[in-house]
Structures are given as structure tokens and as C-alpha cells.
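Under UniProt numbering, think of the first position of the sequence shown as 1, with each following residue one higher. Glycine residues also receive a C-beta, built at the ideal position from the N, C-alpha and C atoms. Just so you know, these numbers come straight off a predicted model, no measurement behind them.
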Amino acid sequence: MKAIKIVHGYSRDKRPDLKQFIIDMVGSGDGDVPFFFKIDDGNADDKSVFVERLN
Numbered sequence: 001m002k003a004i005k006i007v008h009g010y011s012r013d014k015r016p017d018l019k020q021f022i023i024d025m026v027g028s029g030d031g032d033v034p035f036f037f038k039i040d041d042g043n044a045d046d047k048s049v050f051v052e053r054l055n
């Protein structure tokens, strides 16, 4: 397991002053049971991370 990087990245909330990290979570349809959980670097691209998790 590697350490994540909490870094400045693209902010959808228009807050470039804040550092970020990504939480990847896949759960059941009703949201009660998480199947997968991972924390990733703040500058990771959401789309590429999601595709990587599906493979």
C-alpha cells in the first residue's frame, strides 16, 4: 500500500486554495452496503480512476 498525496488539484467547488484527495466507493443500490472503498491522490483524474476500478 502506498501513501496518498494530498495536493492541490481541480476543484469543482471553485476552491483552488484547498488541498484534495479522492474517495472511491462502490456500494449496493440502496447505499447500505459498501463493496469497495479506496482513497486516492488528490490530482488523480476521476474518469481514469473509475475506469481502472471497473477493470
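* **Run of the beta strand (DSSP E) containing Asp32, from where it starts to where it stops** => Unbroken run through Asp32: none, as it is neither H nor E.
* **Selected residue, minimal CA-CA separation from Asp45, among Ser28, Phe21, Gly31, Phe36** => Phe21
* To do: Return the first residue and the last residue of the alpha helix (DSSP H) that Asp17 is part of.
  => Here Asp17 belongs to no alpha helix (DSSP H), and DSSP marks it neither H nor E.
* Bridge-paired residues (DSSP) for Ile4 -> Its beta-bridge partners do not exist; DSSP assigns none.
* In angstroms with no decimal places, state the Cα-to-Cα distance between Ile6 and Lys19. => 6 angstroms
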